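Reviewing the structure listed below.
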Amino acid sequence: NKVLIVAHGHPEMSSGGGETAAYLLFRGLKQAEGVKASFLAWTGHADRERTGTPFSTLRGRADEILFYGDPLDPLLFSQGSSVVLDGFANLLQRLDPDVVHFHHYANVGLELIAIARRINPRIRIIVTLHEYLAICHNDGQMLKTVTSMLCHISSPHDCARCFRDIGAANFFLRESFIKSHFEKVDLFISPSEFLRQRYIVWGLPAWQVITLDNGTEPVRPAPAPRPLATGERRGAFGFFGQITPYKGLITLLTAFDHLSQFPVEETAGIRLTVHGAYLELNQPPLVEAVKRLLARTAQRVHFAGAYPAHDRQRLMAAVDWVVVPSIWWENSPMVIQEAFANRRPVICSNIGGMAEKVRWGKDGFHFPVGNPFELAALIVQVVADPSLWDGLYNTMRQPMTIGESVARHLELYRDRSFAVAH
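Our numbering puts the first residue of the sequence shown at 41, with every later residue one more than the last.
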């Protein structure tokens, strides 16, 4: 098999979960017998004056290809650059892959799916769905724009209420355009059953969407519990990941601010480390709110900022709990998989892919989404009873390893029962 993985970013330049999942799969495929894998990743807007072409290899790695492209049409995910489209067609003819696996269409453009089908009708086209972008124009979050309330289903008329300047007719055309490209796909992979059901309700055939979680690198040896000083409790909490309005950092910091209302003996030793990237890229109101809360909670909260991926194991070993307080549905957050791989229980919002992945009382605990007061109470509760952490350490599930993920992907690549008629 010759496999081309297409991603919306390279993890060495953009450290999101989707980019990481795509790259881990690529690296795993490279090690599989009889597989020749290549990785194509978007890396920024047009810089062709420097390269003379939108495509270049990454630091001499011939099988890792970067490309620059003009901004997509934000409504349609449409790639308008003929240079990129022609270059992708030429790349496919040169690589001649049996499988083109898109780990996203954001940044790259839906037209690349159509080109892959046109270049070789027998190519297997796979798309991994990472969030709800096809369904929701609000950054794929399925949150109402004005109220930030969770959205349960989309329609052109519902979407037009969030974006009155676009209108229902244009949302109908958007849905039709996206689905016309999705019709060329053989198989969709959803890392969570929750996301799978959302896309089925939206209109994808149930038989064509399978649930398969992203693989993670196994941690060897099995991580031990954090060593405790005499009398110390398991009160070290950690936040890991990118900072966006949807990741719930405000909820988490507000919860830690609220701890001051509990008796001192109940909150002794409770602390939080925020390993968060890209705070400065957010709108000023969010940045100011985060900084204000960090100042209010300075005795308990340390803002450590971004971290390189190779430090993750060391940083997770220094905490007892990983908190995932997102206010949107999520899909299958890589941070949850990484926490499990590092034997750290998770406290997360009680919705969507988070609640699916974290089994109450076995992998961690849930709190009502967006409710800092309930989160603060839960934090105090889990620290007060040391048997809770000990039990979770022994019962939490182990995530799918990248080796297991590669084996399952290769089965799907070769399974022609999912092929659609073209």
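C-beta atoms are modelled at their ideal positions from N, C-alpha and C, and glycine is treated no differently.
Everything numeric in this text was worked out from a predicted model, so none of it was measured.
Cβ neighbour criterion (16 or more within 10 Å) applied to residue i
{"i": "H449", "result": "buried"}
{"i": "L319", "result": "buried"}
{"i": "I229", "result": "buried"}
{"i": "P439", "result": "buried"}
{"i": "L321", "result": "exposed"}
{"i": "E378", "result": "buried"}
{"i": "W368", "result": "buried"}
{"i": "I419", "result": "buried"}
{"i": "A246", "result": "exposed"}
{"i": "E257", "result": "buried"}
{"i": "P348", "result": "exposed"}
{"i": "D360", "result": "buried"}
{"i": "N130", "result": "exposed"}
{"i": "G281", "result": "buried"}
{"i": "G404", "result": "buried"}
{"i": "R332", "result": "exposed"}
{"i": "Q339", "result": "exposed"}
{"i": "G74", "result": "exposed"}
{"i": "D253", "result": "buried"}
{"i": "H192", "result": "exposed"}
{"i": "A209", "result": "exposed"}
{"i": "S194", "result": "buried"}
{"i": "V259", "result": "buried"}
{"i": "H350", "result": "exposed"}
{"i": "S54", "result": "buried"}
Under 8 Å between C-beta atoms of residue i and residue j
{"i": "I310", "j": "G278", "result": "no"}
{"i": "F142", "j": "V167", "result": "yes"}
{"i": "H144", "j": "A77", "result": "no"}
{"i": "E57", "j": "M436", "result": "Reading off the sequence, residue 57 comes out as Gly, not Glu. For G57 and M436, no; Cβs fall outside 8 Å."}
{"i": "S118", "j": "G84", "result": "no"}
{"i": "F341", "j": "V364", "result": "Going by the sequence as given, residue 341 is Val instead of Phe. No. Outside cutoff."}
{"i": "N371", "j": "E171", "result": "yes"}
{"i": "V422", "j": "L428", "result": "yes"}
{"i": "E59", "j": "G49", "result": "yes"}
{"i": "K397", "j": "I376", "result": "yes"}
{"i": "N382", "j": "M356", "result": "yes"}
{"i": "G345", "j": "F234", "result": "no"}
{"i": "F79", "j": "P94", "result": "no"}
{"i": "T291", "j": "L299", "result": "no"}
{"i": "P196", "j": "E215", "result": "yes"}
{"i": "L190", "j": "L183", "result": "yes"}
{"i": "I283", "j": "A317", "result": "yes"}
{"i": "F217", "j": "L116", "result": "yes"}
8 Å contact criterion, which residue i and residue j should meet: CB distance rounded
{"i": "Y286", "j": "S366", "result": "6 Å"}
{"i": "R164", "j": "D226", "result": "5 Å"}
{"i": "L44", "j": "V140", "result": "5 Å"}
{"i": "Y446", "j": "A72", "result": "Residue 446 is actually Val in this sequence, not Tyr. Contact flag correct, Cβ pair sits at about 6 Å."}
{"i": "D470", "j": "K42", "result": "As shown, the chain starts at 41 and ends at 462. That puts residue 470 outside it, with no answer to give."}
{"i": "T25", "j": "L289", "result": "As displayed, the chain neither begins before 41 nor continues past 462, which places residue 25 out of reach and without an answer."}
{"i": "L112", "j": "N147", "result": "7 Å"}
{"i": "K219", "j": "G243", "result": "6 Å"}
{"i": "G255", "j": "E52", "result": "No, G255 and E52 are not in contact; Cβ-Cβ is about 19 Å, not under 8 Å."}
{"i": "F458", "j": "Q248", "result": "7 Å"}
{"i": "S96", "j": "D110", "result": "Not a contact, Cβ separation roughly 16 Å."}
Residues bridged to residue i (per DSSP)
{"i": "W247", "result": "DSSP lists no partner for W247."}
{"i": "Q353", "result": "In DSSP, Q353 forms no bridge with anything."}
{"i": "G281", "result": "G316"}
{"i": "C388", "result": "V364, H406"}
{"i": "I105", "result": "L80, T97"}
{"i": "H342", "result": "T313"}
{"i": "L227", "result": "I166"}
{"i": "D113", "result": "S118"}
{"i": "A276", "result": "R311"}
Distance cut-off 7 Å: residue i Cβ against heavy atoms of the ligand MN
{"i": "F277", "result": "Inclusion of the ligand MN in the displayed structure is not the case, the ligand content being empty and no account of it being possible."}
Three or more C-beta pairs below 8 Å linking the stretch 172-185 and the stretch 153-162 | no
contact_flag[the stretch 96-113, the stretch 402-419] where n(CB pairs < 8 Å) is 3 or more | no
Give a yes or no on contact between the stretch 247-267 and the stretch 193-206, applying the rule of three or more CB pairs nearer than 8 Å.
-> Short answer: they don't touch.
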